[in-house]
Amino acid sequence: MGNAYSAEALALSESQSAARAQETLAAVPCFANLPVHVQEAVAQVATHRHFDAGQIIYLEGEPATALFILERGWVKAARMSLEGREQALLFLKPCEVFGDVAIFTDTPYPATVMALEPVEVWAIDKSAILDLVARHNELAVAVIRHLAGRVLYYVGLVEDLSLRSVEARLAHTLLSHIEGDGDRLVVPRRTWTTFDEMATRLGTVRDVLSRALRTLEQEGLLKVERHQIVILDPAGLATRGDQYD
Amino acid sequence: MSQNEMERLMDERLRDSVLQALAADARTASLNLRVGVLGGIVHLGGSAPSDDDWVWAEMVSARVPGVRGVVNRIEAPGAPSPARAIHLDLL
Chain A
128 MGNAYSAEAL
138 ALSESQSAAR
148 AQETLAAVPC
158 FANLPVHVQE
168 AVAQVATHRH
178 FDAGQIIYLE
188 GEPATALFIL
198 ERGWVKAARM
208 SLEGREQALL
218 FLKPCEVFGD
228 VAIFTDTPYP
238 ATVMALEPVE
248 VWAIDKSAIL
258 DLVARHNELA
268 VAVIRHLAGR
278 VLYYVGLVED
288 LSLRSVEARL
298 AHTLLSHIEG
308 DGDRLVVPRR
318 TWTTFDEMAT
328 RLGTVRDVLS
338 RALRTLEQEG
348 LLKVERHQIV
358 ILDPAGLATR
368 GDQYD
Chain B
-4 MSQNEMERLM
6 DERLRDSVLQ
16 ALAADARTAS
26 LNLRVGVLGG
36 IVHLGGSAPS
46 DDDWVWAEMV
56 SARVPGVRGV
66 VNRIEAPGAP
76 SPARAIHLDL
86 L
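Sequence lines, in order, name chains A and B. Per this note's numbering, residue 128 is the first one in the first sequence, and the count goes up by one each step. Per this note's numbering, residue -4 is the first one in the second sequence, and the count goes up by one each step.
Set out below in structure tokens:
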């Protein structure tokens, strides 16, 4: 019983696999500046895995066996509170690393990670990555940078959840996902961006989120469309996002 | 031993108990289910052949002493998506 991943690795030849893994590594911000021989060493031990939308990559409280590098698709990391409420911690897009906190703290995975779309990842076994980090200083520094970035992210999340109103959290989160669309600023709504998903990210429930969106819309800060949220007043939204309870 | 280490040890033991309970049950023994435990809450993954088995695995896990709740993310025909947002009424 236990840790077998539900999805099978795709059949790639060893050299194809290593080349593709290295290509992905080179696109990961924290690994992009690694010397080529270090990227090659990491790529050599990476195993390709595919997960369908909705499949679980690992479970909260499961022994940590691997670190993952996301090649394609979005994943969500969520954790159950002691009161039984799900809190979304991270929504990760391609070229992000996850599973590293558990690997380097030698603890079980602290969150459940699930595929929101068809996902391709590269898994690196715990023993292999620990060995590589011990042998390559540059990799160790890259890992430290990544983990430090995560610490800063979680400090922001704690601040968000504990000090900001739902409207301010929503404003803050929307601003961090803003994209240009011609002359408009929009936050695209992906197929999996349901009200429930957004509510778990903001630490609230869908009714409250729905009211918060209506409030910001009535204030003229944004407009909710079917497939995106149009940001009408980014400066106003930033001011709203900086308001504390 | 710090409080965190103590809690981790308790979760590890609870995970072992849940795995044993699932292995000892005729309907779940061969399913090779995945189990994680954090804060006394059990997280189930893997796949089951039917939604009856999906419900059964949750019941078997919930009966293990010390379990505060079960997050059922097992894949099964007719069962809800494993990736749905879940909120629990704790035991």
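Cβ atoms here follow ideal geometry from the backbone N, Cα and C, with glycine treated the same way.
Give me the chain B residues within the contact set of residue i, using Cβ-Cβ distance strictly less than 9 angstroms, ordered along the chain.
i                      : result
residue 323 of chain A : 79 and 80
residue 181 of chain A : 70, 76, 77, 78 and 79
residue 235 of chain A : 3, 6, 7, 10, 31, 32 and 33
Does the beta carbon of residue i come closer than 8 angstroms to any beta carbon on chain B?
i                      : result
residue 192 of chain A : no
residue 317 of chain A : no
residue 329 of chain A : no
residue 242 of chain A : yes
residue 342 of chain A : no
residue 232 of chain A : no
residue 239 of chain A : yes
Using CA atoms only, rank isn't needed, just tell me which of the options is closest to residue i.
i                      : options                       : result
residue 243 of chain A : A:224, A:220, A:226 and A:265 : A:220
residue 364 of chain A : A:280, A:248, A:299 and A:318 : A:299
residue 259 of chain A : A:369, A:167, A:146 and A:144 : A:167
residue 289 of chain A : A:325, A:273, A:269 and A:329 : A:329
residue 170 of chain A : A:241, A:249 and A:325        : A:249
residue 73 of chain B  : B:13, B:43 and B:28           : B:43
residue 240 of chain A : A:196, A:253, A:231 and A:279 : A:196
residue 52 of chain B  : B:63, B:60, B:61 and B:68     : B:68
residue 13 of chain B  : B:1, B:76, B:30 and B:26      : B:30
residue 301 of chain A : A:326, A:285, A:310 and A:278 : A:326
residue 343 of chain A : A:272, A:269 and A:293        : A:293
Report yes or no: is there a C-beta of chain A within less than 8 angstroms of the C-beta of residue i?
i                     : result
residue 4 of chain B  : no
residue 66 of chain B : yes
residue 10 of chain B : yes
residue 84 of chain B : yes
residue 73 of chain B : no
residue 40 of chain B : yes
residue -3 of chain B : no
residue 21 of chain B : no
residue 45 of chain B : no
Would you mind reading off the limits of the beta strand (DSSP E) that contains residue i?
i                      : result
residue 207 of chain A : 202 to 207
residue 250 of chain A : 246 to 252
residue 158 of chain A : Residue 158 of chain A -> no beta strand (DSSP E), and no H or E assigned at all.
residue 313 of chain A : 311 to 315
residue 213 of chain A : 213 to 219
Determine the extent of the alpha helix (DSSP H) in which residue i is found, giving its start and end residues.
i                      : result
residue 327 of chain A : 322 to 329
residue 69 of chain B  : Residue 69 of chain B -> no alpha helix (DSSP H), and no H or E assigned at all.
residue 281 of chain A : 264 to 290
residue 154 of chain A : 141 to 154
residue 363 of chain A : 361 to 368
residue 341 of chain A : 333 to 345
residue 230 of chain A : 227 to 232
residue 293 of chain A : 293 to 303
residue 1 of chain B   : -2 to 19
Going along chain B in order, which residues have a C-beta closer than 7 angstroms to the C-beta of residue i?
i                      : result
residue 213 of chain A : 80, 81 and 82
residue 209 of chain A : 34
Any alpha helix (DSSP H) of 4 or more consecutive residues that is wholly inside the region 34 to 63 of chain B: 46 to 57
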